[in-house]
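Chains as they are written, first to last, in my numbering: chain C, 1 to 327; chain F, 328 to 891; chain P, 892 to 1136. Just so it is clear, CB atoms sit at the ideal spot from N, CA and C, and this is done for glycine as well.
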Amino acid sequence: MQSPLPFFPDEASNFAPKVDAVFMFVLLTCLFFAVLVTLVAIYAAFKYRRTSPGQVGSALEGNLLLEIGWTVIPLLIAMVMFAWGAVVYVNFRTAPTDTLDIYVVGKQWMWKLQQPNGKREINELHVPLNRNIKLILGSEDVIHNFYVPAFRVKMDVVPGRYNTLWFRPTKLGKYHFFCSQYCGTNHAVMGGWVTVMDPAEYAAWLSNEAGDVNPASAGEKLFTQLACVTCHLGNGTGRAPSLNGVYGAKVLLADGTTVTADDAYLRESILQPKAKIVAGYQPVMPTFQGLVTEEQILNLTAYIKSLQSQPVPAKGAGVAPASTGKK
Amino acid sequence: MSAVTKTNTGPALQLPEKTYLNSTYGIRSWLLTTDHKRIALLYLISVTFFFFIGGFFAMMIRLHLLTPSGYLLSADTYNRMFTMHGVTMIFFFLIPSIPAILGNFLIPLMIGAKDLAFPKINLLSWYIYIIGGSFTLYSMITGGLDTGWTFYTPLSTVYSNSAVAPAVVGVFITGFSSILTGLNFLVTVHTMRAPGMTWFRLPLFVWAHYATSVVMILGTPVIAITLGLAAMERVFGLGFFNPAMGGDPILFQHLFWFYSHPAVYIMILPAMGVISELIPTFARKKLFGYHFVAAASLAIAVIGFLVWTHHMFLTGQSTYSAVAFSFLTFLVAIPSAIKTFNWTATLFGGSISFDTPMLYAFGFLGLFLVGGLTGLFLGCLGIDMHVHDTYFVVAHFHYIMVGGAVMGYLGGLHFWWPKITGRMYPEWIARIAALVLFVGFNLTFFPQFVLGYLGMPRRYHVYPPEFQVYNVMSTAGASILAIGYLLPMVYLTWAAFYGKVAGNNPWPATGLEWTTQSPPLTENFEVTPVVTWEAYDFHNRPELGLDVPGHTGSPTVAPAHGDD
Amino acid sequence: MHRTGALYGQFETLEQQKETASLGMWIFLVTEVMFFGGIMLAYTINRHTYFHAFAMGSKTLSLGLGGTNTAVLIASSFTMAMGVWSAQTGKKKLLPMFLSLTILLGFIFFGIKYVEYAQKFHHHLVPGRNFDITYCIDNPNKCEDIDAKDLAQERHEIEEAMAADPDLNAHAQLYYSAYFGMTGLHALHMVIGAGLLFWLLAGSLQGRFTPEWNTPVDIVGLYWHFVDIVWIYLFPLLYLIDRHK
């Protein structure tokens, strides 16, 4: 995506050049015929334009040879297009046996991925260069679709069954992946990044279990893992108030009272969300009682505290309008 | 009107004294009419109403997509807008438009009959359309539907929090309007043709509607039962399409697409029928390859039932099935290609004028060419694996639906406006509107092909910033397109009351409908016509008042005009 | 459009009018085939996938009641055909008689259907909140209409089926969804048919139908025969297949 007017995504998998090749063939063939027919029509329009009000055309009715010709020739060309495309597709649908298998679960509206050694990722996929990768796709709710434009591959993720998708990354870098089957409200944000790494780096990354000890970072991971992020959008457009700048600020509740968002308030909001509802929001937050340990609550609180310095959105903040909100 | 098409320069014409418009007065005479022409006008008003609604949603979509983060609408609202845009445009505009308006008005006139076979059922089909439309409007008013017009399960039946049931019921009901219209047309063409109007003298507009009607009656009941099952599932919790209960979401897709693919042929065949009337009329010669075009219409209808799984290439189904359906999909393209070549060949040896309907016909040719050819890309498995469910698909079907079907619809409306209203539309503003439409359309939808190949998925309320340039181009085009649509709304309405009186046959054209007064009598013909001429035969119709060379029907090439 | 006697204004001859009405009804019946076809396809696919549950479902239907209904409908098609013949041969007294017989047989069908549906409600076999295929074998005192021998056999069959398909209840619910969907749709069509028959009866008592013009009798006859044929497909599909394994 370098030039201001790009036409092609990166070619970053074994399929990309194959798909691009059949595309170019079909494109050039269609372009040729489209231009041909257009020029012929324009030519005829000018050559046979009416020159007097009462003029009529000739009695020409048809020509069998022409009809056969322009039936058979397009048919043959169509068959070539069909066959070439089918070959690429069958290749795509027939995974080799030596694949590195990664499990992918799609749910509204996030992706959970699990590497072969059990390491988990959310909305991120790390893969080694030049290995055959197979994704095993499952859905927890509705139909989704895992799509990597730079790889030219996609596959539906259907509840009640497993689908598979394979590719071999051929270029280092970070590439978008998208959900490509409409799945509800946040279909458009249900994506992430595929990172193609050097095999040695991938191996190192894979075996790095330690992760971060920093509570705020642990909290940030939890915030995504527990799907808090799907409702508490930072820009205030989500189903739940933005948490930017909320720690320590005054919050306006639905019953008209205000309360200070301290540690206790945050803890209560996680365990008994219906106790205090922020004004202008629905009581739809599920409780995490029994789902989080005290340590995890501490980590989440630390993370929310770290959002103090984030820009507070004009609309959709948990911060009460009357207060200055910033600390 | 341009000088080359005027054939009589006598005193100003008067409207006929008695027409179908003034034969009876009062709102009851319209709402309880069984006259196919009045029913066509009832449809014109209601279909235009839904077109505006669908168009409004389209403008909201394009405005919202000007920016990658989408500040205009919330995610839920945007999702409802694109869903309602699809539902409204497909079921309440595209499917009824040409058949229920132009087909209803013209088919009896074209075959020499006094009305359709079942006039009361015709009226009933309009009321069913209104009732179905009301349910869908109710769904919009109570918050709208956000499942996409394709209603995929289990999103629509279990997870969606929107007004699914009323919308599904609305579409279900409207399907019966379609079925009854198709039934009416089929029977009419079989049993009500005037003496001498043999099958191969029928205008191709009638052939096209015959083929369309076959699709309507075979396909629409399947979407009816599918939506019925989906509604049952939503309301009563049955489990056919819900994996949690042992059901299969892919079964829904098969049942849904079994109709919805042929449905696209319901939308395009009538438009092709219009083009098959326009080109011979404005080239003043017979359509090249009449029999082949008639056969191609039927072939499209039949083969169109065999390709539905091409919407499901990436659902994880059997590779064999995908290959088979890709093959069939390429086959269905061939009859459309045959028609396109025949239309183009008709121009050769013609005497071509560039009145507005002909401009729409040329526009159709170009845009349908792009739309149809890009269908090949999608039918090609090796390309679809990349562009399925991206803006490439959106661009493809808009080229066909808007560039094809709507151009055909507008071209037909302009061409037959003098027959329907007795008055001519203003030519120069109409030509400008046609050009504005053409430019606006291409600017709106061509960038979407690029967006699709770059990987922008469809139905996205926000998108990565690198896609913005093309989105802005597309929105700019959409505003031009909107102007192109508003202009005809205004001047056609004006022309209906204040346009220049047109006379029986202003073009002149060869169809039976042009042998009666404009507007026609309620019973169409005072005396049942007896047909002795072939379709589009300009050489054996002295009453048209044209300069015909000495030949009487022998199919040799006679140069009818001077040199280049 | 004005009518000149029996001829509608858009037609030239009575012959054309009759041919048109007939063709119209045939085409309508084609749409009905596609309509029922959709749900029959869904049923058939699920029957194949959930073989055990669907076989179990079939076993819970009463062959006696279903068989009787089949005979009733076939008889009604016969009386309907006799009615059409009466109209065509001008037997003005016989026509109302045959129409009444057809209506009566139709109502017998409804009655038997009602008994079957009531049974299903009673036995917790209606898809929805309390669907439970094991309800009767778990609560024999609640299902007195099944005798002990049949109940024992049902228990045996359910246990066998559950061993083969642990999700038997969910899949059996699919069977019953199809059962109610298909028979309900069919019954709805029969109600409409009965309505049309009443309308014909009224007309026949006024002597409206003659050998020259009896089109309504003819086309309602076509419709009634079609509804009968649908049942002839439904009966084996729902009641008979895999009944005894």
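Beta carbon proximity, A240 (chain C) to chain F, threshold 9 Å: no
Within chain F, partners of M1081 (chain P) - CB distance below 8 Å: Within 8 Å Cβ-Cβ: nothing; M1081 (chain P) doesn't reach chain F, min ~17 Å.
Which listed residue (F:G502, F:A722 and F:H713) has its alpha carbon closest to that of V20 (chain C): Correcting the residue identity first, residue 20 (chain C) is Asp in this sequence and not Val. Comparing Cα positions, the closest option is F:H713.
C-alpha distance - S52 (chain C) paired with P774 (chain F), whole-angstrom precision: 41 Å
Sequence-distant residues of its chain with Cβ nearer than 8 Å to P199 (chain C) (five each side left out): P128, L129, N130 and R131
Residue range of the alpha helix (DSSP H) that includes E124 (chain C): Element bounds for E124 (chain C): not the alpha helix (DSSP H) but the beta strand (DSSP E), E124 to P128.
Environment of L368 (chain F) [buried if 16+ CB atoms lie within 10 Å]: By the neighbour-count rule (16 or more Cβ atoms within 10 Å), L368 (chain F) is buried.
Touch test, the stretch 492-500 of chain F against the stretch 459-475 of chain F, Cβ-Cβ under 8 Å, three pairs minimum: yes
Beta-carbon proximity list for T480 (chain F), same chain, < 6 Å, skipping 5 on both sides: F568, P576 and F579
Given P159 (chain C) as reference, the closest of C:R120, C:Q181, C:T237 and C:G290 once Cα atoms are compared: C:Q181
Collapsed DSSP secondary structure at W70 (chain C) in the structure displayed: helix
Span of the alpha helix (DSSP H) around M734 (chain F): M734 to T748
Any chain P beta carbon closer than 9 Å to A440 (chain F): Yes, contact with chain P.
Length-filtered (4 minimum) alpha helix (DSSP H) runs lying within the stretch 414-452 of chain F: 431-438
Contact with chain P by T547 (chain F), beta-carbon distance below 9 Å: yes
Cβ of L340 (chain F) within 9 Å of any chain C Cβ: no
Cβ-Cβ distance between T701 (chain F) and C228 (chain C) below 9 Å: no
CB contact check: T748 (chain F) to chain C, cutoff 9 Å: no
For F998 (chain P): DSSP bridge partner residues: Paired residue(s): none; F998 (chain P) is not in a bridge.
From C:H126, C:I270, C:T224 and C:R168, residue whose alpha carbon lies closest to that of P96 (chain C): C:R168
Residues near M524 (chain F) by beta carbon distance below 7 Å, same chain, minus five either side: I438, G439 and V858
I593 (chain F), buried or exposed, once every other Cβ within 10 Å from all chains shown has been counted against 16: buried
Alpha-carbon to alpha-carbon, F512 (chain F) and L1088 (chain P): 27 Å
Any chain D beta carbon closer than 9 Å to T1101 (chain P): Annotation note: the requested chain D is absent from the structure, which comprises protein chains C, F and P.
Same chain, Cβ closer than 7 Å to T849 (chain F), five either side skipped, listed in chain order: Y347, S350 and D362
CA nearest to the CA of M559 (chain F), picked from F:G643, F:N832, F:A598 and F:A492: F:A492
Cβ of D874 (chain F) within 9 Å of any chain C Cβ: For D874 (chain F), the answer is yes, since a Cβ of chain C falls inside 9 Å of its Cβ.
Contact residues within the stretch 1048-1068 of chain P, judged by C-beta distance below 7 Å to chain F: D1058, A1061, H1062, Q1064, L1065 and S1068
Endpoints, beta strand (DSSP E) assigned at S540 (chain F): From DSSP, S540 (chain F) is part of no beta strand (DSSP E) but of the alpha helix (DSSP H) over L531 to F563.
Span of the beta strand (DSSP E), counted from its first residue to its last, around K250 (chain C): K250 to L252
Contact the stretch 422-436 of chain F vs the stretch 728-743 of chain F: 3+ CB pairs below 8 Å: yes
L172 (chain C) and G234 (chain C) closer than 9 Å at C-beta: no
Amino acids of chain P, ordered along the chain, whose beta-carbon sits closer than 9 Å to that of H713 (chain F): None at all; the shortest Cβ gap to chain P is about 31 Å.
Close-in-space but distant-in-sequence residues of the same chain around M190 (chain C) (CB under 6 Å, 5 per side omitted): W109 and C179
Inter-residue Cα distance where the pair is G573 (chain F) and Q979 (chain P): 52 Å
Inter-stretch contact at 8 Å, needing at least 3 Cβ pairs: the stretch 1101-1112 of chain P / the stretch 964-984 of chain P: yes
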